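Asks:
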């Protein structure tokens, strides 16, 4: 752990030292509010979920599915992305009269170097076999609040390099909001179609500063979180589920992606899942997923489901663990 921390701090110092009088644009960080995959079950099924949306994960992944829930559900998921960045995902959903439901999601990731927090409030209603969903979200991020000491770099950099790097440490924060819209159509008892537009409106305002008066940051500015279009379908039998999802590119900085998922339930207790996320480009960035679920029958009015997923990625493999409560 200490070796990892020193490595991260060293990279940070190198970047900050190289800034000199140039500004830092936080929007250039590709990890800012990126969807890393939330919920063990959807992830294990290749993130092909917008056309399935049949449990509490729908709060974040397709709110339209919430109104088809029969009872309240709560879920917690944890992962350490690439073995470095902690992500905690908590979500809950409650159906009520009139074929309606509400849900909330809270996501917390990162540390003092860069932290991201977002909260989501979702609503869904269905008429017949067609449902609509809407979700509002609030986002907050802070960066550069990690404490850097000269002793952290003793023997790695010269004293002058350390002083320059520390004086150029950029700090700041940002906040914004977003709006998601979605729909779900149960064509038959087995076949379902779904669509979601994520971040239809999603402005985000940044503010940054640096201690060195001769250096500059980008200061205060506002940008939009890119919107996503997701279209998918699922086919369910008593024991098996197949799902597919298309994520078409919405600008020239994104690539098209197609996702596939499969789930098989044994004895209503054990679930086995497989999935893949294929990016339609010439890069080695495809992902392969697998996972299992354990369903403990209802006791005292609550059933518990433990889930695990494993993602094979070209950068680093990642595990997720989570638990669901069904009331």
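In the numbering used here, the protein residues as written are 2 to 328.
No residue lacks a Cβ here, since even glycine has one placed at the ideal position from N, Cα and C.
Treat the numbers as computed from the prediction; the structure is a model and nothing was measured.
1. Please name the residue in 285, 167 and 63 whose C-alpha comes closest to that of residue 234.
2. Counting Cβ pairs, one atom from each stretch, are 3 or more of them under 8 Å apart for the segment 49-67 and the segment 94-107?
3. On the three-state DSSP scale, how would you describe residue 49?
4. Would you say residue 136 and residue 200 are within 8 Å of each other, going by their C-beta atoms?
5. Does the beta-carbon of residue 27 have 16 or more other beta-carbons within 10 angstroms, so that it is buried, or is it exposed?
6. State the CB to CB distance for the pair residue 333 and residue 310, rounded to an integer number of angstroms; the pair is presumed to be in contact (CB under 8 Å).
7. Got a sec: does the ligand SAM put a non-hydrogen atom nearer than 7 Å to the Cβ of residue 235?
8. Which runs of the beta strand (DSSP E) spanning at least 3 residues fall entirely within the segment 80-106, listed in chain order?
9. Please classify residue 21: is it buried, with 16 or more other beta-carbons within 10 angstroms of its beta-carbon, or exposed?
10. CA-CA distance, residue 107 and residue 207?
11. So, using beta-carbon positions, are residue 205 and residue 166 closer together than 8 Å?
12. Tell me which residues share the same chain as residue 59 and place their Cβ nearer than 6 Å to its Cβ, disregarding the 5 neighbours each side in the sequence.
13. Looking only at DSSP bridge pairs, what is residue 291 linked to?
14. How big is the Cα-Cα spacing for residue 314 and residue 286?
15. From this set, 37, 127, 129 and 131, which residue's C-alpha is nearest residue 87's C-alpha?
16. Can you name, in chain order, every residue of its own chain whose Cβ lies under 6 Å from the Cβ of residue 93, other than the five neighbours on each side?
17. What would DSSP say about residue 160, mapped onto helix, strand or coil?
18. Does the Cβ-Cβ distance between residue 51 and residue 196 come in under 8 Å?
19. Just to check my reading of the structure: residue 1 and residue 48 have Cβ atoms closer than 8 Å, yes? What is that Cβ distance to the nearest angstrom?
20. Quick check on this structure: which residue in 229, 272 and 265 has the alpha carbon closest to the alpha carbon of residue 258?
21. Using only the alpha-carbon positions, how far apart do residue 138 and residue 264 sit?
22. Relative to the alpha-carbon of residue 221, which residue among 146, 272 and 173 has its alpha-carbon at the smallest distance?
23. In three-state terms, what does DSSP make of residue 218?
24. On a Cα-Cα basis, can you pick out the residue from 130, 202 and 216 that is closest to residue 226?
25. Between which residues of its own chain and residue 186 is the CB-CB distance below 6 Å, once the five residues before and five after are set aside?
26. Starting from the C-beta of residue 319, find all residues in its chain whose C-beta is less than 7 Å away, skip the five residues before and the five after it, and write them out in chain order.
27. What's the gap between the Cα of residue 119 and the Cα of residue 109?
28. Which same chain residues end up closer than 6 Å to residue 122 when comparing Cβ atoms and leaving out the 5 residues on each side of it in sequence?
29. Quick one: Cα of residue 1 to Cα of residue 245, how far?
30. Please classify residue 295 as buried or exposed, where buried requires at least 16 neighbouring CB atoms within 10 angstroms.
Replies: With the given structure in hand:
1. Taking residue 234 as reference, the option from 285, 167 and 63 with the minimal CA-CA separation is 63.
2. yes
3. Note: residue 49 maps to coil in three-state DSSP.
4. no
5. Residue confidence for residue 27 is low, a pLDDT of 42 falling below 50, so the modelled location carries little weight and cannot support an answer.
6. Residue 333 lies beyond the range of the chain shown here (2 to 328); nothing can be said about it.
7. What this structure holds is no ligand at all, so the ligand SAM is not there to describe.
8. 86-97
9. Caution applies to residue 21, whose pLDDT of 38 falls short of 50 and renders its modelled position unreliable; the value that the coordinates give is listed next. By the 10 Å Cβ count, residue 21 comes out exposed.
10. 21 Å
11. no
12. 66 and 67
13. 275 and 311
14. 7 Å
15. Residue 37 holds the alpha-carbon nearest to the alpha-carbon of residue 87 among 37, 127, 129 and 131.
16. 75 and 105
17. helix
18. The answer is yes: Cβ separation under 8 Å.
19. Outside the shown range of the chain (2 to 328) lies residue 1, about which nothing can therefore be said.
20. 229
21. 30 Å
22. 173
23. In this structure, residue 218 counts as coil in the three-state DSSP scheme.
24. 202
25. Hits under 6 Å: 131 and 194.
26. Cβ contact annotation for residue 319 (same chain, cutoff 7 Å, sequence separation greater than five): 80, 82, 83 and 312, in chain order.
27. 7 Å
28. 105 and 137
29. As displayed, the chain neither begins before 2 nor continues past 328, which places residue 1 out of reach and without an answer.
30. exposed
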